[in-house]
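A.B. asks: Residue numbers 8 to 318, in our numbering, belong to the letters of the sequence shown in order. By construction, the Cβ of each residue, glycine as well, lies at the ideal position given by its N, Cα and C atoms. This structure is a prediction, so every number in the text was calculated from the model and none was measured.
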Amino acid sequence: MIESSTGTKLAVVGAGSVGSTLAYAALIRGLSRSVVLYDVNAAKVRAEALDLRQGLQFVPAAHVEGSDEIEICAGADIIAVTAGAKQQPGQTRLDLAASTTSLMRTLMPQLVEVAPDAVIVMVTNPVDVITYVAQKLTGLPPHQLFGSGTVLDTARLRGLIASRCGVAVQNVHAYIVGEHGDSEIPLWSSAVVGAVPVTDLIDEAERDQMAHDVVHAAYEIITGKGATNYAIGVSAGRIIEAVLRDEHRVLPVSTMADGRHGIEDVCLSIPSVVGRVGIERPLHIPMTDHEVTGLRASADEIRKVARELGF
8 MIESSTGTKL
18 AVVGAGSVGS
28 TLAYAALIRG
38 LSRSVVLYDV
48 NAAKVRAEAL
58 DLRQGLQFVP
68 AAHVEGSDEI
78 EICAGADIIA
88 VTAGAKQQPG
98 QTRLDLAAST
108 TSLMRTLMPQ
118 LVEVAPDAVI
128 VMVTNPVDVI
138 TYVAQKLTGL
148 PPHQLFGSGT
158 VLDTARLRGL
168 IASRCGVAVQ
178 NVHAYIVGEH
188 GDSEIPLWSS
198 AVVGAVPVTD
208 LIDEAERDQM
218 AHDVVHAAYE
228 IITGKGATNY
238 AIGVSAGRII
248 EAVLRDEHRV
258 LPVSTMADGR
268 HGIEDVCLSI
278 PSVVGRVGIE
288 RPLHIPMTDH
298 EVTGLRASAD
308 EIRKVARELG
318 F
């Protein structure tokens, strides 16, 4: 059994399906000794906390609380923000931006006030736009506040490659970059199974189908059950684990572009080394001209929405 990170505090903002699943995943993996949930719906957040608390006998030692008061997040080492408008069937992630941005104008300054030193991981969709908005609203450095990005998309892609090639998914190294959404880009040129290039194992038509399936995976789930929560819950938990355990793990999180490839003033996913301080540094993977063009187009899509929102 994995030991809890002694003395650490994880605050989950938003007790909806994603937030409550993330809290559950954190408790199962023993990621933090204290897990708190904050939500403006007092009855909902207290019920979720009570439900989680009643299972503490069966997970690594932890303490759980829930409240509709922002002060419950005080002193958190890491905060996961899942609060936002719910994505509807047929609605793109970028369509969610306007309603969620108004919420962030109130929420983010409050979080920084009660937990100024916390690493903040934005999970709310559209995560790239909301991460950019949150950075502008808080003034926090990009290493301290970043988004969950394409960590889940990358896991979905690796799973498809592993199944197709008949290998363990841990032996697949491939990344999706750019927007967590329709314009995301798979980096096929650097994808490998073991040390074998994926382009030697899977033809272009099948790779294109895989990329399409990854983009549309969430839409199928939303149509079927109304929301995605399990996969994003555990993938966000993986990011939190990398921070609290100072793993120096490479994850494609959403962060402010640093000007490489002519892309700047926008948040999007690039592989980055993640540890206790948050993002330690970007890991620049070589890209083909075609991939760079796609990444720039993805950045343009995200930036356009941010500008329309006044950021």
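Distance, Cα to Cα, T257 vs H291?
C.D. replies: By 1-based counting over the sequence shown, the position of residue 257 is 250. By 1-based counting over the sequence shown, the position of residue 291 is 284. Correcting the residue identity first, residue 257 is Val in this sequence and not Thr. Approximately 11 Å, taken between the alpha carbons.
A.B. asks: In the DSSP assignment, what residue or residues form a beta bridge with V74?
C.D. replies: Against the sequence shown, residue 74 aligns to sequence position 67. Position check: residue 74 holds Ser in this sequence, whereas Val was assumed. Partner(s): Y45.
A.B. asks: What residue range is occupied by the uninterrupted beta strand (DSSP E) comprising S305?
C.D. replies: Position 298 of the sequence shown, counted from the start, is the residue given in the question as residue 305. Segment 296-315 is the alpha helix (DSSP H) holding S305; no beta strand (DSSP E) there.
A.B. asks: Which runs of the beta strand (DSSP E) spanning at least 3 residues fall entirely within the segment 224-308, listed in chain order?
C.D. replies: Taking only runs of at least 3 residues, the beta strand (DSSP E) segments lying wholly in the segment 224-308 are 256-265, 271-282, 285-289.
A.B. asks: With a threshold of 6 Å on Cβ separation, who are the neighbours of A198 within its own chain once the five nearest residues in sequence on each side are excluded?
C.D. replies: As a working note, residue 198 is residue 191 in the sequence shown. Counting only Cβ-Cβ distances below 6 Å, and skipping sequence neighbours, we find A181, V205.
A.B. asks: Drop a sphere of 10 angstroms on the beta-carbon of Q142, count the other beta-carbons inside from all chains shown, and report buried for 16 or more, exposed for fewer.
C.D. replies: Looking up residue 142 in the sequence shown gives position 135. Q142 comes out buried.
A.B. asks: Check D124 in the structure and name its three-state DSSP category.
C.D. replies: Position 117 of the sequence shown, counted from the start, is the residue given in the question as residue 124. Here D124 sits in coil by DSSP.
A.B. asks: Below 6 Å CB to CB, which residues in the same chain sit around V71 once its five sequence neighbours on both sides are set aside?
C.D. replies: As a first step, residue 71 must be located in the sequence shown, where it is residue number 64. Cβ neighbours of V71 beyond the five flanking positions: V42, A56, L59, R60.
A.B. asks: Nearest by alpha-carbon distance to A69: which of G37, L147, G244 is it?
C.D. replies: Counting from one through the sequence shown, the residue named residue 69 turns up at place 62. Nearest of G37, L147, G244 to A69, Cα basis: G37.
A.B. asks: Would you report the Cα separation of V136 and G301, rounded to the nearest angstrom?
C.D. replies: For the purposes of this step, residue 136 is identified with residue 129 of the sequence shown, where counting begins at 1. For the purposes of this step, residue 301 is identified with residue 294 of the sequence shown, where counting begins at 1. Straight-line Cα distance between these residues: approximately 18 Å.
A.B. asks: Looking at V179: is its Cβ nearer than 8 Å to the Cβ of L194?
C.D. replies: What you label residue 179 is simply residue 172 of the sequence shown in a count that begins at 1. What you label residue 194 is simply residue 187 of the sequence shown in a count that begins at 1. Contact flag unset, no.
A.B. asks: Which same chain residues end up closer than 8 Å to E254 when comparing Cβ atoms and leaving out the 5 residues on each side of it in sequence?
C.D. replies: In the sequence shown, counting from the first residue as 1, residue 254 sits at position 247. Result list for E254: E248, V281, G282, in chain order.
A.B. asks: Relative to the C-alpha of A169, which candidate in M217, R267, E308, E120 has its C-alpha closest?
C.D. replies: Along the sequence shown, read from residue 1 onward, the residue named residue 169 stands at position 162. The residue with the shortest Cα to Cα distance from A169 is M217.
A.B. asks: Under three-state DSSP, which class holds A169?
C.D. replies: Start at 1 with the first residue of the sequence shown, and residue 169 comes out as number 162. Of the three classes helix, strand and coil, the one that applies to A169 here is helix, per DSSP.
A.B. asks: How about Y226 and T28: do their beta carbons lie closer than 8 Å?
C.D. replies: Residue numbering aside, residue 226 sits at position 219 when the sequence shown is read from its first letter. Residue numbering aside, residue 28 sits at position 21 when the sequence shown is read from its first letter. Contact flag unset, no.
A.B. asks: Assuming L251 and D84 make a contact with CB atoms under 8 Å, what is their CB distance in whole Å?
C.D. replies: As a first step, residue 251 is located in the sequence shown; it is residue number 244 there, counting from the start. As a first step, residue 84 is located in the sequence shown; it is residue number 77 there, counting from the start. The pair is a contact, with the Cβ atoms about 7 Å apart (cut-off 8 Å).
A.B. asks: Just to confirm, are I209 and R165 a CB contact at a threshold of 8 Å?
C.D. replies: As a first step, residue 209 must be located in the sequence shown, where it is residue number 202. As a first step, residue 165 must be located in the sequence shown, where it is residue number 158. Not in contact: I209 and R165 (Cβ atoms no closer than 8 Å).
A.B. asks: Does the beta-carbon of T235 have 16 or more other beta-carbons within 10 angstroms, so that it is buried, or is it exposed?
C.D. replies: Here residue 235 refers to the residue found at position 228 when the sequence shown is read from its first residue. Under this definition T235 is a buried residue.
A.B. asks: Using only alpha-carbon positions, find the residue among A175, V19, E271 that is nearest to E76.
C.D. replies: Start at 1 with the first residue of the sequence shown, and residue 76 comes out as number 69. Selected option, being the one with the closest Cα: V19.
A.B. asks: Which whole-angstrom value describes the C-beta separation of G21 and T89, a residue pair presumed to lie in contact below a C-beta threshold of 8 Å?
C.D. replies: As a working mapping, residue 21 is identified with position 14 in the sequence shown. As a working mapping, residue 89 is identified with position 82 in the sequence shown. Indeed they touch by this definition, with Cβ atoms about 4 Å apart.
A.B. asks: Can you tell me where the alpha helix (DSSP H) with A33 in it begins and where it stops?
C.D. replies: Within the sequence shown, numbered from 1, the residue matching residue 33 stands at position 26. Per DSSP, A33 belongs to the alpha helix (DSSP H) from 24-36.
A.B. asks: Using DSSP's beta-bridge definition, name the partner residues of L59.
C.D. replies: In the sequence shown, residue 59 corresponds to position 52, counting from 1. Beta-bridge pairing links L59 to no other residue.
A.B. asks: List the endpoints of the continuous alpha helix (DSSP H) containing L144.
C.D. replies: For the purposes of this step, residue 144 is taken as the residue at position 137 of the sequence shown. L144 -> alpha helix (DSSP H) spans 134-145.
A.B. asks: Can you tell me whether G154 is buried or exposed, with buried defined as 16 or more other CB within 10 angstroms of its CB?
C.D. replies: Walking along the sequence shown from the start, residue 154 turns up at place 147. Under this definition G154 is a buried residue.
A.B. asks: By the DSSP assignment, the beta strand (DSSP E) with F153 in it spans what residues?
C.D. replies: Taking the sequence shown and counting its residues from 1, the one referred to as residue 153 is at position 146. Looking at the DSSP string, the run of the beta strand (DSSP E) that includes F153 is 152-154.
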